[in-house]
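Visitor: Residue numbers (the numbering used here): 2 to 169. Before anything else, here's the structure in question.
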Amino acid sequence: MSKLIPDYVPPQPSAEFSAVVKKSRESAATYLISYAQKLSHRGLTERLKVHGVTVAQWVVLVVLWEIDGLTQKELSERVAVETPTLSRTIDRMERDGLVKRDRNVRDRRQVHVNLTEHGAALWRELVPEAEANLAQALDGFSDQDEAQLCALLKRVIDNMTDDQGDQS
């Protein structure tokens with residue numbers, strides 16, 4: 002009778018190797034950036050959930066509060082999300098009465114996304130939530146600390162997009 006699972010047992014890493022990996026993970030910049038983003042996203046998710054809005058919807062709203070009536074393609078570029086993914090987000094936003102889609106009368110292929118009255122008014126509730134989330138993240142930071150953090154993160158972004166094209 003043949004075995005489906007071989008008797009092979011992978012070697013266990015040594016305590017020394019495990020300690021090096023743990024130290025590397027705890028001090029690796031990319032891990033820390035990712036973990037900080039995860040915590041910030043989680044905090045914003047909880048704050049927005051009270052208002053029935055997701056982080057993906059928040060990002061769309063922020064762009065539309067600045068420039069209402071963008072086409073779905075323009076909006077996709079500004080929020081750095083693939084068009085099919087954005088389309089699903091807009092579907093939910095339309096269902097929830099935050100936005101409406103309007104076809105361009107001159108070019109029926111173009112669909113513009115416009116805020117509804119409700120979507121336009123939500124900034125009064127949502128912006129303070131986002132500001133509170135940011136304040137929590139930067140608690141204890143001086144203005145100089147914040148500026149330095151932003152400058153360093155911009156350098157990381159530049160490094161990651163220079164030779165690879167935009168990776169968003």
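Even for Gly, the Cβ is constructed at its ideal location relative to N, Cα and C.
Tell me the residue span of the alpha helix (DSSP H) that contains Leu49.
Guide: Translated into the one-based positions of the sequence shown, residue 49 becomes position 48. Start and end: 30-50.
Visitor: With a Cβ-Cβ cutoff of 8 angstroms, do Gln111 and Ile91 count as a contact?
Guide: Residue numbering aside, residue 111 sits at position 110 when the sequence shown is read from its first letter. Residue numbering aside, residue 91 sits at position 90 when the sequence shown is read from its first letter. Going by C-beta atoms, Gln111 is not nearer than 8 angstroms to Ile91.
Visitor: Start and end of the beta strand (DSSP E) containing Asp103?
Guide: Within the sequence shown, the letter at position 102 stands for residue 103. Taken as a continuous stretch (DSSP letters only), the beta strand (DSSP E) holding Asp103 covers 100-104.
Visitor: Once the 5 residues before and after Glu17 are set aside, which same chain residues still bring their CB inside 8 angstroms of it?
Guide: Against the sequence shown, residue 17 aligns to sequence position 16. So no residue of the chain qualifies.
Visitor: For Val60, which of helix, strand or coil comes out of DSSP?
Guide: Indexing the sequence shown from 1 puts residue 60 at position 59. Helix at Val60.
Visitor: Give the C-beta separation of Thr86 and Lys101 to the nearest angstrom, bearing in mind that I take them to be a contact with Cβ-Cβ under 8 angstroms.
Guide: Stepping through the sequence shown from its first residue, residue 86 is reached at position 85. Stepping through the sequence shown from its first residue, residue 101 is reached at position 100. Not quite, the Cβ-Cβ distance comes to about 20 angstroms (not below 8 angstroms), so this is no contact.
Visitor: Let's see if you can read the secondary structure: which residues bound the beta strand (DSSP E) around Leu116?
Guide: As a working note, residue 116 is residue 115 in the sequence shown. From DSSP, the beta strand (DSSP E) with Leu116 extends over 112-116.
Visitor: With Leu49 and Glu132 assumed to form a contact (beta carbons below 8 angstroms), what rounded beta-carbon distance in angstroms separates them?
Guide: Numbered from 1 along the sequence shown, position 48 holds the residue referred to as residue 49. Numbered from 1 along the sequence shown, position 131 holds the residue referred to as residue 132. Contact flag wrong, Cβ pair sits at about 12 angstroms.
Visitor: Closest to Asn115 by CA distance: which of Leu127, Gly98, Glu126, Arg107 is it?
Guide: By one-based count along the sequence shown, residue 115 stands at place 114. Comparing Cα-Cα distances from Asn115 to each of Leu127, Gly98, Glu126, Arg107, the minimum goes to Gly98.
Visitor: What is the DSSP secondary structure of Thr162, counted as helix, strand or coil?
Guide: Counting from 1 along the sequence shown, the entry for residue 162 is found at position 161. Three-state result, Thr162: helix.
Visitor: Where does the unbroken alpha helix (DSSP H) through Leu76 begin, and where does it stop?
Guide: For the purposes of this step, residue 76 is taken as the residue at position 75 of the sequence shown. Unbroken alpha helix (DSSP H) run through Leu76: 73-80.
Visitor: Which word fits Met94, buried or exposed, when buried means at least 16 other C-beta atoms lie within 10 angstroms of its C-beta?
Guide: The sequence position of residue 94 within the sequence shown is 93, counting from 1. Answer is buried; the Cβ neighbour count reaches 16.
Visitor: Buried or exposed, going by whether 16 or more other CB atoms sit within 10 Å of the CB of Gln137?
Guide: Numbered from 1 along the sequence shown, position 136 holds the residue referred to as residue 137. When all chains shown are included, Gln137 counts as exposed.
Visitor: Roughly how far, in whole angstroms, is the beta-carbon of Val61 from the beta-carbon of Leu45, given that I think they are within contact range, below 8 angstroms?
Guide: Indexing the sequence shown from 1 puts residue 61 at position 60. Indexing the sequence shown from 1 puts residue 45 at position 44. Not really, about 14 angstroms apart at Cβ, beyond 8 angstroms.
Visitor: Rounded to the nearest angstrom, what separates Glu147 and Leu135 at their Cα positions?
Guide: Your numbering for residue 147 matches position 146 in the sequence shown. Your numbering for residue 135 matches position 134 in the sequence shown. C-alpha separation (whole angstroms): 11 angstroms.
Visitor: Quick one: Cα of Glu126 to Cα of Gly120, how far?
Guide: For the purposes of this step, residue 126 is identified with residue 125 of the sequence shown, where counting begins at 1. For the purposes of this step, residue 120 is identified with residue 119 of the sequence shown, where counting begins at 1. One C-alpha to the other measures close to 11 angstroms.
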